[in-house]
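Single-structure report; data block below.
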Amino acid sequence: MPDEDTILTREGILAEQFDDLAQQTEAGTLGMWIFLATELLLFGGLFTGYISYRLAYFQGFHEASGHLYFTLGSINTAVLLTSSYFVALAVHAARQGRSRAVSGWLLGAAGLGAVFLAIKATEYYLEYREHLVPWMDFQFEGAYPAHAQLFFIFYFLMTGLHAVHMLVGMALLLIMALLARLGRFSAEYHNPVELTGLYWHFVDIVWVFLYPAFYLLNPHS
Amino acid sequence: MSVMPYTAELHSHETYLNRSYTLRSWLLTKDHKRIAILYMGSITLFFVLGGFAALLMRINLLVPAGFMAPDLYNKLFTMHGVIMVFFFLVPSVPVTAGNFVIPLMIGARDLAFPRLNLASWYIFVAGFLVTACALVAGGVDTGWTFYAPFSTGYSNTFVFLTVLGIFISGFSSILTGLNFIVTVHTMRAPGLTWFRLPLFIWSLYATSIILVLATPVLAITLVMVAFERVTGVGIFNPALGGDPVLFQHLFWFYSHPAVYIMILPGMGVVSEIVACFSRHCVFGYKFVAFASLAIALLGFLVWGHHMFVAGESIYAALVFSFLSYLVAIPSAIKVFNWTATLYQGSIRLDTPMLYALGFIGLFTMGGVTGLFVAALGVDVHVHDTYFIVAHFHYIMVGGMVMGYLGAIHYWWPKMTGKMYPEWWGRFSAFTIFMGFHLTFFPQFVLGYLGMPRRYATYDPQFQILNVLSTAGASILGVGYVLPLCYLLWSFKYGRDAGPNPWGATGLEWQTPSPPPTHNFERTPVVTQGAYAYHEMEPAGA
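Chains as they are written, first to last, in the numbering used here: chain A, -11 to 209; chain B, 523 to 1063.
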């Protein structure tokens, strides 16, 4: 009679290089954390550039920040934090083996992700109409247009890179929701849901730093 | 008569090589050993291309006026730098020897993520193809450092494509590093504690930390360069409010640690070879192991020493200078401990050992001249001269390429099951050592006398030393072509190596050569450290 590990291998759950599920879970989890460290440094380069210029050109950045849509940005922060809460609930349900709840919460989180991107796109469009996109007929009324332009370069680069990560995260959430609906996860085996959750929380945390860096610099203009 | 006895024996065990011969079985393989071979083929090709560019440059420098137009010369040194740094030195030992022997050394069936491993190779090749498009279309003239704002606004060459290719291949580095770290943490055989690991594993672990943490910074920096170039905004352009020194900070935050990506694996190889060929456990194992980690960590704190004359604050420069001196400590620990390992060992001067000894000598020269240029005053004098070129070639070529060739010769019998011809091996190791010195030692002198780097022409007083250097380069070239020939020859005609031709300890030598697909019949149980040479019977007893 085949042992448990052989059955897991046959079902395609346990990869052949691993001895057992615990080893596979440990490897997958460590791999995801290292990947997130890489992501942190990827955003880190942009944050370094942004902070350097913010320290050097504070006035210009202050003026420029006043042109962002503070309300929309704040709503988006709430939307994204809520989506992270949904993902946490999905992971909780996965640990208990409740697959329908898992797919439900994940779909909800992906939906909120779509709302976030829709609001973000609206902001981009409004900023485009006001000639705040640095490479598309940039016009800025203020004492430091060149510095404001730098502000907007980093604003679009960093929120844009974040949006790309949102798209990847939403694709992962939808795949996991589908797999959960197909009954591929159980209380014993649900590490892909956990790892997707880690990734989504990371994307969320990046926004938690982007929001004060850009929007809270000058929220009262 | 037609049935040779050894033929039957050869087919008696299924190896990773004879398992299947189809192209598909290679291109879709998840076996770390086959992926290592794929990488080896790719980077050998890239090395030849980069070397060819160097040869043309050396020919140009035979006469003070040069033979070629300065534009072409600029493109050649850029091509040489880009290919050698990003497509040969950074991947070199980790993706070939590392890929091949890490699972064997730790008693695992494969790396933790075999599919990711294959994906890294495809990403790497895709990155190269994009960069190659730029080279074919007309080349790049920025140097491998892509300094802004020249690269972002003024160069009329194919910067965007080149940068895109390097960006893509960076993900291959990241995934390889991630794979190695997870593998070392989670896939070790029972009983294989951290301090029983071979030092090669420690050095690749340290390398992987740098790959994972530094490469993304290069990636995002190149994104900014490409973005500025395409949109015409001024992230790094002072005319538009940007700061070119910021580019240098970000670039060297990757590219200085990357120097240690290019030397740490070589150090690991030397630790293995020196222990094996002096029949002695490595002196001060823990010091050598932690020295790798120390180099990796300190490597992140010294990037500013590339910018002493670039408008960096003098206080920052002082700190960076001091920290750069600190790197000498773990580096010296390694060199002294290798030397102490030789003491009272029974030394055999086979080809891998010649490369390892060559590494120790050349790395020491490269490292000590590194201290010269870490001193603020001296750096002002030799900055941007051939002294710098000579210094880093002593580390990169004298160190890493020697380490790479040492690794290839040391593990060739394991990879192929065949011995290379020993006489030719020793001869070419010697040729490379001599050719190397003749090429690069004159450049120390040239630089100290004031010859600047990256010019197609030079003052006639420098001609004799330049001719010597070019003569050395041609000898070096011969030295590199020889192994290519005899290694390929040995793959077909070499004598069978058997599982452990060197009488080495270490798990990789306890499985047949070439290893079967799953590496070990049964997962080994480890009861002692990696260098238990004193417990082995004397050879021939």
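Backbone N, C-alpha and C define an ideal beta-carbon position, used for all residues, glycine too.
Partner residues on chain A for Asp553 of chain B, Cβ-Cβ distance less than 9 Å: If you number the second sequence from 1, residue 553 of chain B lands on position 31. The premise fails here: Asp553 of chain B is roughly 10 Å from chain A at the closest Cβ pair, so nothing lies under 9 Å.
Proximity winner among B:Gly790, B:Val796, B:Leu1010 and B:Ala995, relative to Ala813 of chain B (alpha-carbon distances): For the purposes of this step, residue 813 of chain B is taken as residue 291 along the second sequence, with counting starting at 1. Taking only the C-alpha atoms, the option nearest Ala813 of chain B is B:Gly790.
Determine the direct distance from the alpha carbon of Tyr113 of chain A to that of His189 of chain A, and round the result to whole angstroms. Counting from one through the first sequence, the residue named residue 189 of chain A turns up at place 201. Counting from one through the first sequence, the residue named residue 113 of chain A turns up at place 125. When rounded, the distance between both Cα atoms is 27 Å.
With distances taken Cα to Cα, identify the nearest neighbour of Tyr776 of chain B among B:Pro738, B:Gly763 and B:Val747. Taking the first residue of the second sequence as position 1, residue 776 of chain B is located at position 254. For Tyr776 of chain B, the nearest C-alpha among the options comes from B:Pro738.
Contact criterion: CB-CB distance below 8 Å. Does Thr110 of chain A meet it with respect to chain B? Mapped onto the first sequence, residue 110 of chain A falls at position 122. Taking Cβ atoms only, chain B never reaches closer than 8 Å to Thr110 of chain A, which makes this a no.
Check Lys808 of chain B in the structure and name its three-state DSSP category. The residue given as residue 808 of chain B occupies position 286 in the second sequence. It is helical.
Taking 6 Å as the limit between beta carbons, can you name the residues of its chain near Pro1023 of chain B, skipping five residues before and five after? Within the second sequence, residue 1023 of chain B is the residue found at index 501, counting from 1. Once the five neighbours on either side are set aside, the close Cβ partners of Pro1023 of chain B are Pro935.
In the structure shown, what three-state DSSP assignment does Lys555 of chain B receive? Sequence index remark: in the second sequence, residue 555 of chain B carries index 33 (1-based). Lys555 of chain B: helix per DSSP, three-state reduction.
Proximal residues to Leu987 of chain B (C-beta, below 7 Å), its chain only, five neighbours per side dropped: Position 465 of the second sequence, counted from the first residue, corresponds to residue 987 of chain B. Once the five neighbours on either side are set aside, the close Cβ partners of Leu987 of chain B are Pro964, Val967 and Leu968.
Using a 10 Å radius around the Cβ and a threshold of 16 neighbouring Cβ atoms, would you call Ala1081 of chain B buried or exposed? Outside the displayed span of chain B (523 to 1063) sits residue 1081 of chain B, for which this structure offers no information.
Cβ-based burial, Met526 of chain B [other Cβ within 10 Å; buried from 16]: On the second sequence, position 4 is the one that residue 526 of chain B refers to. Confidence in Met526 of chain B is poor, its pLDDT being 40 and thus under 50, which makes the residue's placement too unreliable to answer from.
Relative to the alpha-carbon of Gly148 of chain A, which residue among A:Ser174, A:Ala159, A:Phe104 and A:Leu186 has its alpha-carbon at the smallest distance? As a working mapping, residue 148 of chain A is identified with position 160 in the first sequence. Each of A:Ser174, A:Ala159, A:Phe104 and A:Leu186 was checked against the Cα of Gly148 of chain A, and the nearest Cα belongs to A:Phe104.
When DSSP labels each residue in this structure, what does Thr907 of chain B get in the three-state scheme? As a first step, residue 907 of chain B is located in the second sequence; it is residue number 385 there, counting from the start. Reduced to three states, the DSSP call for Thr907 of chain B is strand.
At the level of alpha carbons, what is the spacing between Glu531 of chain B and Asp1018 of chain B? Position 9 of the second sequence, counted from the first residue, corresponds to residue 531 of chain B. Position 496 of the second sequence, counted from the first residue, corresponds to residue 1018 of chain B. Its pLDDT being 45, under 50, Glu531 of chain B is placed unreliably in this model, and the coordinates cannot settle the point.
Got a sec? Which residues, its chain only, sit under 7 Å from Ala728 of chain B by beta carbon, not counting five neighbours each side? Residue 728 of chain B sits at position 206 when you count from the first residue of the second sequence. Answer for Ala728 of chain B: Leu786, Ser814, Leu815, Ile817 and Ala818, listed in chain order.
Less than 8 Å between the beta carbons of Asp553 of chain B and Tyr543 of chain B, yes or no? Along the second sequence, one-based indexing puts residue 553 of chain B at 31. Along the second sequence, one-based indexing puts residue 543 of chain B at 21. Contact flag unset, no.
Rounded to the nearest angstrom, what separates Phe58 of chain A and Pro200 of chain A at their Cα positions? The count along the first sequence starts at 1 and reaches residue 58 of chain A at position 70. The count along the first sequence starts at 1 and reaches residue 200 of chain A at position 212. CA-CA distance, Phe58 of chain A to Pro200 of chain A, rounds to 10 Å.
Return no unless some Cβ of chain B is closer than 8 Å to the Cβ of Ser87 of chain A. Start at 1 with the first residue of the first sequence, and residue 87 of chain A comes out as number 99. Chain B, which has no Cβ nearer than 8 Å to the Cβ of Ser87 of chain A, makes this no.
Residues of chain A with a CB under 8 Å from the CB of Gly754 of chain B: which are they? Within the second sequence, the letter at position 232 stands for residue 754 of chain B. Correct list: Trp123.
Best match in B:Val615, B:Gly972 and B:Arg556 for proximity to Leu545 of chain B [C-alpha to C-alpha]: Translated into the one-based positions of the second sequence, residue 545 of chain B becomes position 23. Checking every option, the nearest Cα to that of Leu545 of chain B belongs to B:Arg556.
Nearest by alpha-carbon distance to Ala175 of chain A: which of A:Trp93, A:Phe142, A:Ala81 and A:Tyr203 is it? The residue you call residue 175 of chain A lines up with position 187 of the first sequence. If we check each option's Cα against that of Ala175 of chain A, A:Ala81 comes out closest.
Identify, in the order they occur along the chain, each residue of the same chain with its Cβ nearer than 6 Å to the Cβ of Trp825 of chain B, setting aside the five sequence neighbours on each side. The sequence position of residue 825 of chain B within the second sequence is 303, counting from 1. Once the five neighbours on either side are set aside, the close Cβ partners of Trp825 of chain B are Trp774, Phe775 and His778.
Name the DSSP bridge partner or partners of Lys940 of chain B? Reading the second sequence from its first residue, position 418 is the one you call residue 940 of chain B. According to DSSP, which records beta bridges pairwise, Lys940 of chain B is partnered with B:Asp1018.
Reduced DSSP secondary structure (H/G/I, E/B, other) of Pro1037 of chain B: For the purposes of this step, residue 1037 of chain B is identified with residue 515 of the second sequence, where counting begins at 1. Pro1037 of chain B: coil per DSSP, three-state reduction.
For Pro974 of chain B, name the three-state secondary structure that DSSP assigns. To locate residue 974 of chain B, count along the second sequence from 1; it is residue 452. Here Pro974 of chain B sits in strand by DSSP.
Out of B:Thr667, B:Ala630 and B:Val831, point me to the one whose CA is closest to Phe599 of chain B's CA. Looking up residue 599 of chain B in the second sequence gives position 77. Of B:Thr667, B:Ala630 and B:Val831, the residue nearest in Cα terms is B:Thr667.
Considering Asn206 of chain A, what are the terminal residues of the alpha helix (DSSP H) in which it resides? Sequence index remark: in the first sequence, residue 206 of chain A carries index 218 (1-based). Taken as a continuous stretch (DSSP letters only), Asn206 of chain A belongs to no alpha helix (DSSP H), as it is neither H nor E.
Taking buried to mean at least 16 other C-beta atoms within 10 Å of its own C-beta, is Arg801 of chain B buried or exposed? As a working note, residue 801 of chain B is residue 279 in the second sequence. Answer is buried; the Cβ neighbour count reaches 16.
Ser40 of chain A touches chain B at which residues, Cβ-Cβ below 9 Å? By 1-based counting over the first sequence, the position of residue 40 of chain A is 52. By Cβ distance, chain B contributes Asp765, Leu768 and His771.
Under 9 Å Cβ-Cβ, which residues of chain A neighbour Phe569 of chain B? One-based indexing of the second sequence puts residue 569 of chain B at position 47. Result: empty, since nearest Cβ-Cβ is about 27 Å, beyond 9 Å.
DSSP on Arg1044 of chain B, reduced to helix/strand/coil? For the purposes of this step, residue 1044 of chain B is taken as the residue at position 522 of the second sequence. If DSSP states are grouped into helix, strand and coil, Arg1044 of chain B belongs with coil.
Among the residues of its own chain, which have a CB less than 6 Å from the CB of Arg710 of chain B, if the five just before and after it don't count? Walking along the second sequence from the start, residue 710 of chain B turns up at place 188. So the qualifying residues of the chain are Ile628.
DSSP three-state call for Thr529 of chain B: helix, strand or coil? Along the second sequence, one-based indexing puts residue 529 of chain B at 7. Its pLDDT being 41, under 50, Thr529 of chain B is placed unreliably in this model, and the coordinates cannot settle the point.
First through last residue of the alpha helix (DSSP H) which encompasses Met784 of chain B: Taking the second sequence and counting its residues from 1, the one referred to as residue 784 of chain B is at position 262. Segment: none, Met784 of chain B is in no alpha helix (DSSP H) and carries neither H nor E.
Which of helix, strand or coil DSSP assigns to Ala711 of chain B: Here residue 711 of chain B refers to the residue found at position 189 when the second sequence is read from its first residue. In this structure, Ala711 of chain B counts as coil in the three-state DSSP scheme.
Looking at chain B, which residues of the segment 19 to 45 of chain A have a Cβ within less than 9 Å of any of its Cβ atoms? Gly19, Ile22, Phe23, Ala25, Thr26, Glu27, Leu28, Leu29, Leu30, Phe31, Gly32, Gly33, Leu34, Thr36, Gly37, Ser40, Tyr41, Ala44 and Tyr45
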